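**Student:** In UniProt numbering, the protein residues as written are 1 to 1168.
Ideal Cβ positions, reconstructed from N, Cα and C, are used throughout, including at glycine.
If you're wondering where the values come from, they're calculated on a predicted model, not measured in any experiment.
Structure, rendered in C-alpha cells:
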C-alpha cells in the first residue's frame, strides 16, 4: 500500500530547508484562490482590477457658481491610477537600514502588515489641460505571500531566515497582530439568467407574481449589479434593479427602446420569432407592447431623455449633462453591465423575457439557486478590491461635497489655484487604508451601495492556529452567507448531488452552521483569472452555429451564449455535437480554446431546465480535474456542465457509449480533512463529520516557528507522533510537520466500571511516559502608555526606581525589572516592575490567572515611529497541561470521551506477551455508532507496529472480495498473533485469565483542547448584579451557574424542596427587608433618625401621620410615639413593622410594578 514513514526525510528537511521551492505543492494549491484573487488586484490586463475599477468610476464634475442662472467654472476630477506599494517602515523612522517590514515583525509587535496606497488624482478646469498630483491613500493591509508581500517568491530556506514556517502558505492578512482571513462566500453564478419562483417577488406590489428571471452581471473590475425581470399578473414585464440600497422598477420595454432604435415588430420577432402559433406567448407580447403605448415614447432618444429625467437626481448628474446622456449612463451602469454593446444587451433582455414567459407557461422548470450548478465563489481578494473601489469613489464624492460646502459658505473658490486645491485635499479624509483595516478587524462592511451582497457583517474570520488542521481548513471554507443562517427552512442546507467533487459531503459542522459552512473538495480549484475565450466565436462559426442576429428565439432552438453574451443559434441536435466537438478540441489543445472552458449543454426536456449551450470562461468559477476518456487526458470540469455529463467514479464502472469521463480517484470528492480520516468508508457518516470537527479542536502542533509568534493562546502537544495508519494524502500535505496525536495501545474491554458512557481509562504508566502531555502558551501584553494621552511626555519606565521596594520582587524579576525566563509565577506574583515618575514610586504588574505558569519569553516592543523609549512588552507564559481526569480525548473516528481514571499499571490487564494497554475503552461505544473504521485501524496499527511499516488508510481501497480483515489478519498471523486481533488477557488485579479474548490494537489518539482546567466553575459567594442582587454570569467573572426552569422542575420532581430553597434563595439573592404588618407594603418602610432618648427604629411612612397635623387638631401625642425622618420632618405612629427574608428580586418586582401604578400588598403571618 502507498503509505510510508517519512521521518528521516522530515528531519532532513527541517535541518536543511529546500533552497528552491516548497516540498508540498498541494498546500500551495489549497490557498491559491485567496492569493490569486489578491494578486489580480494589481496585476493583469489594464494594470489589474484596481485600475480597471478607477476607470469605471470615471470623473466627477462640479461647478463653482451658486447662481442657478449661470454654471460657473467647471472642475472635472478623477483618480487616474492606483498603486499598492510593498510594506516598509514609516518615513519617520530614521534609524532602520533595512526598510522592509516582514510579517513576523507584525505578529510579534501586534501591528498590521500593510503598505501604502498611492493614488494619482488628475483634474482639469473647464476641460483645459489636466493637472495631476500623487496622493497617499493611507496604509492598506496586504495579504501574506501575495505579489505585494516580501515573502512572495521566497524558498523554504529563506522563509526560515525571515522567521516564518518553512512552508508558509499565506492567503491571510495580519491586523493588530491577529491573522485574519476574508471568508469565501457563495454567490449566484455570474452573467447567467436564472428563472426563479419566489413568493417574495409577489410582495413587490399588487400586480406582481412569484415569477422572475434574475441575472447577476459582473463588470470587468468584479463589482456586480443584479437585474431582475418580474412577471406581472396582466402579462407585463418590469425590470428591477437596486442602486445605492434603493430599488427601482422600470417597464422592460422602456429599457429595450432606450438601448437601440427598434420597432415593436423587432421586439416581437426577437421574443417569439417563428412561434406565432403559441397564443399564450403572443397574447402577452401584444399586451406588453400595447400597454407601453401610454408613455407616448417612440424613438430611442425620447426614451433615453425620459429615463434621464427620472434618474437625474439619483445619479447626481450635473446641470451641463443632457437628459439623454443621463439615460445613457443609466443603461451603462445598470443594465447588463457585463456587456458593452447595446445590441448585445438588447438581445439578452429579449432572451430573458422569453425565458420568463416559458417559466410562467410551465414549459421549463425554475433554476435551483441552492445548487452548485448556479453558484460561484466570491473570493476574498475580489471583495477587497470592490471595497477599495467604493472607497475611492467615496473619496471623490467627498472632494465634491467639500467644494460644494465651500461654495455654500461663500468661501473663495478658485479651481486654478493650487493652494485652494491643496486645502480641499487636506480637509478630505484620504485614509482609505484605515477603512480597510476596520473591515478586516471587524468583518463589517460599511458601504453606500451594499456591493450587491446580502449581508453587512461576518466577512472575516480569525485564522486560528489551534493546530494545522484548523488552520488549513480556514482556506478551504466557503459560506453560504449569514442571510441564510436566519432562514427557518432547511432547503439551503441540503446536500445536493450537483455538489459532487466541488463541495465536500462530509466536512460541514453540526449545529447551526450545518450545510451553510461547507469546505471545498481537495482537488477543487477556483478561477482567479479569466480564460482567453477570444477563439471561441471562431470555433463556433466553424462548427456551423448561426450568428446572433439570426431570426431565432425560444426553447425550440439552442441559444449559444458565451459568458452571458448571445453569440449564436443552432438546433438542439447540432448543439450537442458542437458541445462535444468543443470539448474534444479544448482537451486536445492547439485550437486556442482554454482547457478550463466550461461547456454547459442543457438538452431539451419536458418541463426541465431551459435548454441551450452556455459557455463560461470567467473568474470565480469552481473547477475540478477529471480524465477525458476519448483522449485519456485531463479535462477541467465545472459545476454547470457536470450535471449533464456522464462521469464514472471508478474505471470498473465505465460503460461504453455512456461515460465520457472518469474520476482520477474517488477520494477527490472529499476535503483535505475528510481525506485524513482513516478508513472513513467503513464508518457511519455522522462520525466522519464529527472527526472533521474534532481534528480541528485537537491539541496538536500549530507550527514550528512558535518563538516568533505572539498568539493570545496556543496549544501544543509535547509528544506528537506520526500515525502508523494514515491516508496517502497525509504525507502529500506535509501533515507530519505538524503531528496531531499519539499512537496508543487500545484494548476494548469493560473493565472496572470507570469506562461507562464513553469515558476512558488511561494507564498511569503511559501518562507518566508523556502520553497526551501538552502545553498551553498564553501571551499577555503590558502597555504602560494605556493611561497616557497623546502628546503627553513619558512618565513610566520599565525597571526599578531609586525608591524602596520589597526585596521579594527580585525572586521573580531581574535587575532590569523584567521577569526571569523559566521562573514559575503564581497568582499575585510580580511579572514586571516599572518606575512612575509622577508618584516617584516603583510599581509592579501582577500575574492574574489562578493557574501557575512559567515565563517562556519576554519581548520589548517599539512603536511605529521608533523615536521614543519602549512602552510595551509581551510576556509569553508556558502553562503545563498534563492529562487530568475530565480531559477530553478522541480517536480519528468521532469516538470522543473523557479520561475517567488514571489506572495504576500494576492493576492493568496484560496480554500473553506482556503488553498492557495505554487506553481502555468500553465495547458499548461501537454497536450504535458503527465506527467499524476504528476496528480496522486497530488491526492495521497492530500489524504495522509488529512489522515496522506504515499502512495506507485511504478510503475505497478495499472491497467485498478483498477485505481489510483478511489483508491485515494475514499480517498478524505471520507475526504470530491472532488473525482477528483478539488476544487472551489476564486480570491485573487477580492474575486470572479473562473469560473472553480481548480486542487489542494500536489506534492513533488525539487530545482535544477541551480541558477540565478551562471548564470547572466553583463559587460560594462572589460578585452579584447590582439590579437584582443575583450572582453574575460567567466563569471568568467568578459567576454562578444558573438553576433554570428545567433544573427547578427536576428538583421538584425529586421532592428536594429544601435543596430548591437553598439554590434559589439562600445561595442566590437572599435579603432581609422590613415590611409593614398594617398596610402590607415593603416599599413604605424606612429607618427613623435616632434622637436623644430614643433609638432608630423601622417605621411605615404610609401608616404614620405628620406631627403638625396632630398639633393643629389639638391631639396630645406621647413623646415616645414621635419619630423623625432624614429631612427633620416629625411623624407619629407606623410602628407595626417586622422584618422578613425574601429573594431580593421580589423587592425589585415590587418597585417595577409601583412605577406602573400597581400596588402590591403582602399578608404577614403569624400576626404577633
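Using the DSSP secondary-structure output, state which residues sit across from residue 135 in a beta bridge.
**Tutor:** Answer by DSSP bridge pairing, in chain order: 119.
**Student:** Out of 199, 279, 706, state which residue places its alpha-carbon closest to the alpha-carbon of residue 857.
**Tutor:** Here the closest residue by C-alpha is 706.
**Student:** Output the boundary residues of the alpha helix (DSSP H) element that contains residue 352.
**Tutor:** Unbroken alpha helix (DSSP H) run through residue 352: 342-361.
**Student:** Go through the region 865-921 residue by residue and report every complete run of the beta strand (DSSP E) that reaches 3 residues or more, in order.
**Tutor:** DSSP runs (the beta strand (DSSP E)) wholly in the region 865-921: 872-881, 888-891, 896-903, 919-921.
**Student:** Leaving aside the five residues before and after residue 374 along the sequence, list all residues of the same chain whose C-beta is less than 8 Å from its C-beta, in chain order.
**Tutor:** So the list reads 188, 189, 192, 194, 367, 368, 640, once near-sequence residues are dropped.
**Student:** Determine the DSSP secondary structure at residue 569, reduced to helix, strand or coil.
**Tutor:** Strand at residue 569.
**Student:** Just grab the DSSP bridge partners of residue 248 for me.
**Tutor:** Its beta-bridge partners are 241.
**Student:** Which residues mark the beginning and the end of the beta strand (DSSP E) in which residue 1085 is found?
**Tutor:** That run of the beta strand (DSSP E) goes 1085-1087.
**Student:** Is the separation between the beta-carbon of residue 32 and that of residue 728 shorter than 8 Å?
**Tutor:** The answer is no: Cβ separation not under 8 Å.
**Student:** Cutting at 8 Å between CB atoms, please list the residues of its own chain near residue 127, excluding the five before and the five after it.
**Tutor:** Contacts found: 74, 76.
**Student:** I'd like to know whether the C-beta atoms of residue 1075 and residue 1164 end up nearer to each other than 8 Å.
**Tutor:** Yes, the Cβ-Cβ distance between residue 1075 and residue 1164 is below 8 Å.
**Student:** May I ask you to report which of helix, strand or coil DSSP gives residue 512?
**Tutor:** Here residue 512 sits in coil by DSSP.
**Student:** One question on the structure: do residue 825 and residue 845 come within less than 8 Å of each other, judged by their Cβ atoms?
**Tutor:** It is not a contact, given that the beta carbons lie outside the stated cut-off.
**Student:** Confirm, please, whether the CB-CB distance from residue 389 to residue 223 is below 8 Å.
**Tutor:** Cβ distance < 8 Å, so residue 223 and residue 389 count as in contact.
**Student:** Per DSSP, what kind of secondary structure is residue 1123 in: helix, strand or coil?
**Tutor:** Looking at residue 1123 - three-state DSSP - the assignment turns out to be strand.
**Student:** Write down the C-beta distance between residue 325 and residue 49 rounded to the nearest angstrom, noting that I regard them as a contact closer than 8 Å.
**Tutor:** The pair is not a contact, with the Cβ atoms about 27 Å apart (cut-off 8 Å).
**Student:** Go to residue 936, then tell me how far its alpha helix (DSSP H) extends in each direction, as first and last residue.
**Tutor:** Note, residue 936: alpha helix (DSSP H), 932-947.
**Student:** How big is the Cα-Cα spacing for residue 731 and residue 6?
**Tutor:** Spanning the two alpha carbons is a distance of roughly 8 Å.
**Student:** Just to confirm the assignment: which complete alpha helix (DSSP H) runs, minimum length 4, are found wholly within the region 985-1020?
**Tutor:** Listed in chain order, they are 1012-1015.
**Student:** Please report the residue range of the beta strand (DSSP E) in which residue 209 lies.
**Tutor:** Looking at the DSSP string, the run of the beta strand (DSSP E) that includes residue 209 is 208-218.
**Student:** If contact is defined by three or more beta carbon pairs under 8 Å, each pair taking one atom from either stretch, is the region 406-422 in contact with the region 139-153?
**Tutor:** Judged by Cβ distances under 8 Å, the region 139-153 makes no contact with the region 406-422, as fewer than three pairs qualify.
**Student:** Rounded to a whole number of angstroms, what is the C-alpha to C-alpha distance between residue 1108 and residue 1093?
**Tutor:** Roughly 21 Å separates the two Cα atoms.
**Student:** So, with DSSP's three-state summary, where would you put residue 1?
**Tutor:** Note on residue 1: pLDDT 47, under 50, position unreliable in the model; no value is reported.
**Student:** Where does residue 12 land, buried or exposed, given buried means 16+ other C-beta within 10 angstroms?
**Tutor:** Its Cβ having fewer than 16 others within 10 Å, residue 12 is exposed.
**Student:** Assign residue 265 to buried or exposed, taking buried as 16 or more other Cβ atoms, counted over all protein chains shown, within 10 Å of its Cβ.
**Tutor:** Per the 10 Å Cβ criterion, exposed.
**Student:** Based on the DSSP secondary-structure assignment, which residues constitute the bridge partners of residue 837?
**Tutor:** Answer is none; residue 837 lacks a bridge partner.
**Student:** Starting from residue 470, trace the alpha helix (DSSP H) in both directions and tell me its first and last residue.
**Tutor:** First-last of the alpha helix (DSSP H) with residue 470: 468-475.
**Student:** Looking at C-beta atoms only, is the number of pairs between the region 888-903 and the region 1007-1014 that lie closer than 8 Å three or more?
**Tutor:** At 8 Å Cβ cutoff, the stretches touch.
**Student:** Would residue 917 pass as a contact of residue 1000 if the rule is Cβ separation under 8 Å?
**Tutor:** Yes, the pair counts as a contact, with Cβ atoms nearer than the cut-off.
**Student:** Could you tell me how far apart the beta carbons of residue 865 and residue 92 are, in whole angstroms, since I believe they sit closer than 8 Å?
**Tutor:** With 8 Å as the limit, residue 865 and residue 92 qualify as a contact, their Cβ atoms being about 5 Å apart.
**Student:** Label residue 238 either buried or exposed according to how many other C-beta atoms from any shown protein chain fall within 10 Å of its C-beta, with 16 as the threshold for buried.
**Tutor:** Result: buried.
**Student:** To the nearest angstrom, how far is the alpha carbon of residue 43 from that of residue 52?
**Tutor:** Computed Cα separation, rounded: 11 Å.
**Student:** Less than 8 Å between the C-beta atoms of residue 344 and residue 523, yes or no?
**Tutor:** The answer is no: Cβ separation not under 8 Å.
**Student:** Which runs of the alpha helix (DSSP H), 4 residues or longer, sit entirely within the region 1025-1078?
**Tutor:** Complete alpha helix (DSSP H) runs here, min 4: 1045-1053, 1057-1061.
**Student:** Given a threshold of 16 other Cβ atoms within 10 Å of its Cβ, counted over all protein chains shown, does residue 514 qualify as buried or as exposed?
**Tutor:** Classification of residue 514: exposed, given that the 10 Å Cβ count is below 16.
**Student:** Taking the straight line between their C-alpha atoms, what separation do you get for residue 1 and residue 154?
**Tutor:** In this prediction, residue 1 scores a pLDDT of 47, lower than 50, which makes its location untrustworthy; the coordinate-derived value is nonetheless stated afterwards. Each residue's alpha carbon lies about 35 Å from the other.
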